[in-house]
Structures are given as structure tokens and as C-alpha cells.
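The structure under discussion appears below in the form of C-alpha cells.
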């Protein structure tokens, strides 16, 4: 099938509602995050932290990795994408900028934790893996520029 050179390329996420894109990306990111955890444990990384207001180290449950990807990455990323689509003149660009700023800020949690260096590295890697899955999927679902039919265009 031939397409004209002016035709827009087909993007798998472009026709889907943002919530579907966010959910699919978050589920994939949660699975990837669990794989990172499993690989770290297999490599001997303790994955131990102290809980808030607790002085004893305990192994971080694998469910924390999955829920972190689903809630922090998926839900927050999708909400940010909705806000960018609603109010930004360049939704995709703003979303990418804020998401990357959020990723950088998220490194403060593993860095400042009292975990071992290996655990901190694994946690930081998991943040990158989750962002590498969720951010591009949501970014591709957003328009580059707000169109006349969008609520984002103002008088």
C-alpha cells in the first residue's frame, strides 16, 4: 500500500485514549521493574531498606517495585499527560520536559536512602527502566502542537 509523502506516520498509540496508553505502559513497566528486582536478587543484591520510623533493615517486597511503577509512573505520568494535553501549546514537549525532570528528581529517593550501594543502584536503574517504557508511550500519544479543536487553545 502506497502512502503520500505528506501522510502522517501511523503511531500505535495515537488513536487510543490516554488512560489506555498509560495503563498499558504502566503494566509493561511494572513487569519490567519486577524483572529488574528478580535479576538483582539473583545477582545477590540484598534489596534491603529500613522502613520509615523503623531502625531495622528488611527486604523490600517485590510488590513495592510493581506498585511504584503502576502508581508513581503510570498514574502520575498519565495525569501529567492529560494536563499537558489540556493546557500546553506544545503538549508533547512540555510532557517530556516535566517527565525528565521528575525522573531526575526521583533519584533523590534511592540516593538518600540508607540502603547498600548495590540496592541504591538497582533502585535507580528501575526508575530509568520504568521511565523508558512509560514516558515514550505517553509522549507519542500526545500531539506535538495543540490544534484548534483542543481545549488547550485560548483566545
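Numbering (the numbering used here), first residue to last: 9 to 163. No residue lacks a Cβ here, since even glycine has one placed at the ideal position from N, Cα and C.
When rounded, the separation of the alpha-carbon atoms in residue 36 and residue 138 is 8 Å. A straight line joining the alpha-carbon of residue 45 with that of residue 105 spans about 28 Å.
By the neighbour-count criterion, in which a residue is buried when 16 or more other Cβ atoms sit within 10 angstroms of its Cβ, residue 127 is buried. Each of 56, 146, 75, 133 was checked against the Cα of residue 68, and the nearest Cα belongs to 56. In this structure, residue 33 lies near residue 145, with their beta-carbon atoms less than 7 Å apart.
Nearest to residue 113 by alpha-carbon distance, out of 40, 124, 135, is 135. Distance from the CA of residue 76 to the CA of residue 85, rounded to the nearest whole angstrom, comes to 12 Å.
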